[in-house]
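The numbering used here runs 13 ahead of the 1-based position in the sequence shown.
Using N, Cα and C, we set each Cβ at its ideal position, and we do this for glycine too.
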Amino acid sequence: MLVKVDPLKPVEDILRKVADLIKEGGVVAFPTETVYGLGADCFNISAVLKIFQIKRRPADNPLIVHIYDIKQLQDLIDQDYEKACAIMDVFWPGPVTLIFRKKSYVPKEVTGGLETVAVRMPSHPVAQKFLRLSGTPIAAPSANLSGKPSPTRAEHVIEDLYGLVDAIIDGGETPLGIESTIIDFSRERPILLRPGPATIEEIQKVIQNLEIPEFLLKKTNEPTRPLSPGMSYRHYAPEKPLILVIDYNKLDEVLLRYPDAPVICAQELVSKFYGRRTVVLGTLREPFTIAQNLFHVLRTVDSITASAAIVVGFESKGILFSVMNRLRKAASEIVE
Ligand code: AMP
Ligand code: MG
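Below, the structure written as structure tokens:
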């Protein structure tokens, strides 16, 4: 079933039919403010296993459980969440996922075998209504095939998963465009596991003791000790080689090496690549546009006939810190 809804005012009767599929153990792709999710009832193990099978996702890569009401948190977590209240007050509903120790009955299939569970309360009107009508927390990773860029449009979901899922809800383009910020509150000190649309600077205004692991700050891509299983997989990658250039002094050398490669960059840089095919990500004046378009652009570069694609990196701050995190994972080579 493929249904189209108004992202701001989705018709309830349409969503109810799709929510019934969740109740029957189905798997449904739905829009959120970050990316499209592929959801199933988090307490229905066989439905959850279908998500892994459909996406070809490794079983140890945990899912995020989506709720619409804070009351649902009690059914999922087995700890005092006072430390996280300030963050919830500011960022929920919204693009922040929080990790807590799980209730014993939350299936280990959802959490990749971990004793913790990731929970998020999305703000997208379609996601909220869909969650309410489904009547159960919905476990959902991004609705793409494992390894491919996350889907920010229903067309991306259709490209990857059409015919494999019970329903796709088309709610248009997702407004934020990259996956949620993840903060782990299951330990003594809150720790950032994935940068996202809620920036480090914004989070630090709310909690002063946020730990930012070395691997997110350093040049390396991966944690030395896997804090979060999903982090050890290559992600978001186009089919063709993607060269991420961070040191602008080395740009000419890379351009010479790949004479046919399109250059992906901010609007402000386009004029520097005269005679070369360019793909605009967005504008530095409104860096959120860069996050919004990122995964769509990473998908479209594969339709350009060329041996590789070059992407010009950004200064890692604000939302562009999160964009650079995704680009590092997507790149086959990093020039810095
Ligand atoms: P996706 O929504 O496809 O980006 O996948 C969800 C991601 O959330 C996973 O890849 C993990 O990195 C992270 N995650 C989910 N649950 C946990 C958890 N219990 N502990 C640490 N990270 C988690
Ligand atoms: Mg994903």
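According to the DSSP assignment, Glu-346 belongs to the beta strand (DSSP E) that extends over 346-348.
Distance from the CA atom of Arg-202 to the CA atom of Gln-87, rounded to whole angstroms, is 21 Å. Distance from Ile-182 to Val-41 at the Cβ level is roughly 7 Å; contact confirmed, criterion being Cβ atoms closer than 8 Å.
In terms of CA proximity to Glu-168, Pro-44 leads the group Lys-218, Met-337 and Pro-44. Note that the stretch 204-224 touches the stretch 105-113; at least 3 beta-carbon pairs, one per stretch, sit closer than 8 Å. At a Cβ-Cβ threshold of 8 Å, Val-139 and Pro-210 do not count as neighbours. Spatial neighbours of Lys-263 in its own chain (CB-CB distance under 7 Å, excluding positions within 5 residues in sequence) are listed in chain order as Val-348. In the DSSP assignment, Lys-22 is bridged to no other residue. At least one heavy atom of the ligand MG lies closer than 7 Å to the C-beta of Ser-155.
With respect to the C-alpha of Arg-312, the residue from Met-337, Asn-157, Asp-260 and Arg-145 having the closest C-alpha is Asn-157. Inclusion of Pro-254 and Glu-346 in the CB contact set at 8 Å is warranted, their separation being smaller than that value.
The beta carbon of Asp-265 lies closer than 6 Å to none in the same chain, with the five residues before and after it left out. Taking 8 Å as the cut-off, the beta carbon of Gly-39 is found no closer than this to the beta carbon of Asp-197. Of the other Cβ atoms in all chains shown, fewer than 16 fall within 10 Å of the Cβ of Asn-222; this residue is therefore exposed. Within the chosen limit of 7 Å, the ligand AMP does not reach the beta carbon of Asp-260 with any heavy atom. Under the three-state reduction of DSSP output, Thr-291 falls in the strand class. Sequence-distant Cβ neighbours of Ile-303 in its own chain, meaning closer than 6 Å and more than five residues away, are Leu-294, Gly-295 and Val-336. Looking only at Ala-99, Arg-133 and Glu-122, the smallest Cα-Cα distance to Pro-106 is reached by Arg-133. In the three-state reduction of the DSSP assignment, Val-258 falls in the strand class. Under DSSP, the beta-bridge partners assigned to Val-78 are Val-132 and Ala-152.
Here Leu-15 carries a strand assignment [DSSP, helix/strand/coil]. Just so you know, the alpha carbons of Leu-15 and His-137 end up roughly 19 Å apart. Going by C-alpha positions, Gly-326 is about 29 Å away from Ile-77. By the C-beta density criterion, Cys-55 is buried, having at least 16 other C-beta atoms within 10 angstroms.
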